[in-house]
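In case it helps, numbering that gives the first Met the number 0 puts the sequence shown at residues 0 to 175.
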Amino acid sequence: MPPKSHPYSLEIPHLKVGQKVKDWKPLYTAATALLEDSQKVAYLPIAVDRSAADQKWAAEASKKDTLKEALAELELRLDGKKSRFQAMGEFCSLQPVNINTAEGLSEFFFEVQEAGKAASQTNDAIALKFLLHIPGGSKLATDLEEKLTANMTDIELVGVFDLAKAKVSKAGRKSE
0 MPPKSHPYSL EIPHLKVGQK VKDWKPLYTA ATALLEDSQK VAYLPIAVDR
50 SAADQKWAAE ASKKDTLKEA LAELELRLDG KKSRFQAMGE FCSLQPVNIN
100 TAEGLSEFFF EVQEAGKAAS QTNDAIALKF LLHIPGGSKL ATDLEEKLTA
150 NMTDIELVGV FDLAKAKVSK AGRKSE
């Protein structure tokens, strides 16, 4: 069922033949930023401009509760499951976009964690990937060398993030 009308005009990018859902997701998310999550999900079947089968997968994905779940389902159905090699490539190529804010730092951490888990990386590798891309992270990695082990838990990984976040925010206050 198409979403209810809204008081403004939207330029929603369509998923075209040959385009990966992975590459289209950020465009769709940005274009629908003013909509509520349920509306974003409802627009998916309209935004998929490919074969009838792909449009049916989009309709199935639009039955999910959140946009994140719907896009993950759509990506799995249309792009296929990532190989470990692809997941590792994505993990290794991650770069922070905006780590000058607490929100940007958090987004980067969770992006690294999610990509690391998808690539079957240990928590110490995930922590190092994160730390080596933030200001003061190399020194913090050296200071935490004994704690950064392959068998560290998810809770310990989040603890490393909390330490890094505190260090970056402290450094930001000193520079003001």
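Glycine is no exception: its CB is placed at the ideal position from the N, C-alpha and C atoms. Nothing here was measured: the structure is a model prediction, and the numbers come from that model.
Cβ shell of residue i (< 6 Å), same chain only, five flanking positions each side left out
i	result
H132	P95
F160	F108
L70	K24
Of the listed residues the options, nearest to residue i (C-alpha basis)
i	options	result
N99	P134, A52, P44 and K39	P134
A126	G103, E102, A46 and T152	T152
K166	E59, L104 and K63	L104
N97	E89, E106, T65 and C91	E106
N150	L143, N122 and L162	N122
T65	K81, L93 and E35	E35
Sequence-distant residues of the same chain with beta carbon closer than 8 Å to residue i, five excluded per side
i	result
A86	A114, A117, A118 and S119
S137	L130 and L131
F90	V111, A114, G115, A117, A118, Q120 and K128
L184	Here the chain comprises residues numbered 0 to 175, so residue 184 is not present and cannot be evaluated.
Residue j beta carbon less than 9 Å from that of residue i
i	j	result
Q26	P44	In the sequence as displayed, the identity of residue 26 is Leu instead of Gln. No, the Cβ-Cβ distance between L26 and P44 is not below 9 Å.
K24	R49	no
Q38	T31	yes
8 Å contact criterion, which residue i and residue j should meet: CB distance rounded
i	j	result
A140	L156	Not really, about 13 Å apart at Cβ, beyond 8 Å.
A101	K164	6 Å
K180	V40	Any question about residue 180 goes unanswered here, given that the chain covers just 0 to 175.
Contacting residues, own chain, Cβ-Cβ under 7 Å from residue i (five flanking each side not counted)
i	result
D53	V47 and L77
A124	G115
Contact between the region 68-83 and the region 19-36 (3+ Cβ pairs under 8 Å):
yes
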